[in-house]
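K.L.:
By the UniProt record's numbering, the letter at position 80 of the sequence shown is numbered 80, and the numbering carries on one by one without gaps. Here it is, the structure, as structure tokens.
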Amino acid sequence: MAVLSTEDEGKFLMDVEGEQIGIVTEVDPDAQVAYVEPEPGMAEAIVQGLGYGDKDDDDIEVPADSIETVTDSELRVATDL
1 MAVLSTEDEG KFLMDVEGEQ IGIVTEVDPD AQVAYVEPEP GMAEAIVQGL
51 GYGDKDDDDI EVPADSIETV TDSELRVATD L
């Protein structure tokens, strides 16, 4: 299980195959949940990457226990969502 922080906002969420699922829009460090915008548009990805985005109603919740690894640019889930 990974430990999530607000530093993970703007990172890409990748599946076990290395395919991009979406981009992390917000992290709740207390609940250890990442909110992910599936298939963001180019403009939204840039805004999120700069750390200025917020979660939307269509974001998916990804609990920290589903995330296998965290790098400087991505979160990788242990199983398919």
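Virtual Cβ for every residue (Gly too), placed ideally from N, Cα, C. These numbers come from a predicted model, not from an experiment.
1. In the DSSP assignment, what are the bridge partners of leucine 13?
2. Do you know how far the Cα of valine 77 is from the Cα of threonine 69?
3. Could you spell out the range, first to last residue, of the beta strand (DSSP E) harbouring valine 36?
4. Look at the alpha carbon of proline 38 and the alpha carbon of threonine 25, and state the distance between them as a whole number of angstroms.
5. Can you find the residues in the same chain that come closer than 6 Å, C-beta to C-beta, to phenylalanine 12, ignoring five residues on each side of it along the sequence?
P.N.:
In short, the structure shows the following:
1. Gly22, Leu75
2. 7 Å
3. Valine 36: member of the beta strand (DSSP E) spanning 33-38, first to last residue.
4. Threonine 25 has its alpha-carbon roughly 10 Å from the corresponding atom of proline 38.
5. Gln20, Ile23, Glu74
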